[in-house]
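Residues 6 to 143 in our numbering are what the sequence shown lists, from first letter to last.
Here the structure is laid out as structure tokens; the discussion comes afterwards.
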Amino acid sequence: MHRNLSNNTRTYLIIGSEGFIGSKACIYLANSGNPIYAIDIPKAKGKSPYSNSINNHPMIKAVYLDNLSEINFQDLTDEVTIIYTVALSNHLLENNNLSKGTIPDLKLISDLIEALPEGLNPDISYLSSSAVYGPITG
């Protein structure tokens with residue numbers, strides 16, 4: 006099903022959409038009438054209890070990419086908010102060194118910024134539970 010997400014003035018691009026915070030942000034903003042591009046890596050697809058809600062919501066277009074530079078910005082309006090929620094998650098890690106997941110991946114953010122077309126100046130936010138709960142140790 007093709008969804009035209011460019012009719013509203015504000016579009017949300019949510020990176021890390023299969024995670025707890027990203028999925029909740031996707032669903033909340035979509036239910037508020039905002040068009041959403043939900044982005045995560047192919048390895049994450051279907052691993053979240055929220056996958057079904059994200060992939061079947063009429064206001065959400067779920068996209069699974071290996072690299073943020075692959076994002077197609079052509080369908081986005083000039084009013085874009087990017088919400089970056091990416092941190093390595095225990096269901097995606099090969100080992101259980103969860104402390105790796107408490108800071109944003111600066112290379113991924115850099116790839117995203119480099120891929121932005123000239124003239125597109127989105128608001129960019131980083132959301133993380135580690136900001137609330139602190140680093141995972143153990």
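Just so it is clear, CB atoms sit at the ideal spot from N, CA and C, and this is done for glycine as well.
Treat the numbers as computed from the prediction; the structure is a model and nothing was measured.
Counted within 10 angstroms of its Cβ, other Cβ atoms place serine 53 as buried (16 or more) or exposed: buried
For a quick check, are the C-beta atoms of tyrosine 55 and serine 28 less than 8 Å apart? yes
Contacts around leucine 125, its chain only, beta-carbon distance under 8 Å, and the 5 residues preceding and following it disregarded: Phe78, Leu81, Asp83 and Val85
My understanding is that tyrosine 89 touches isoleucine 20, with C-beta atoms under 8 Å, so please give their C-beta distance in whole angstroms. 5 Å
Could you tell me the distance, in whole angstroms, from the CA atom of arginine 15 to the CA atom of proline 40? 8 Å
If you drop the 5 nearest sequence neighbours on each side, which residues of the same chain put their C-beta closer than 6 Å to that of proline 122? Phe78
Cα-Cα separation between asparagine 101 and alanine 35, rounded to whole angstroms: At asparagine 101 the pLDDT is 42, less than 50, meaning the model places this residue with poor confidence and gives no usable figure here.
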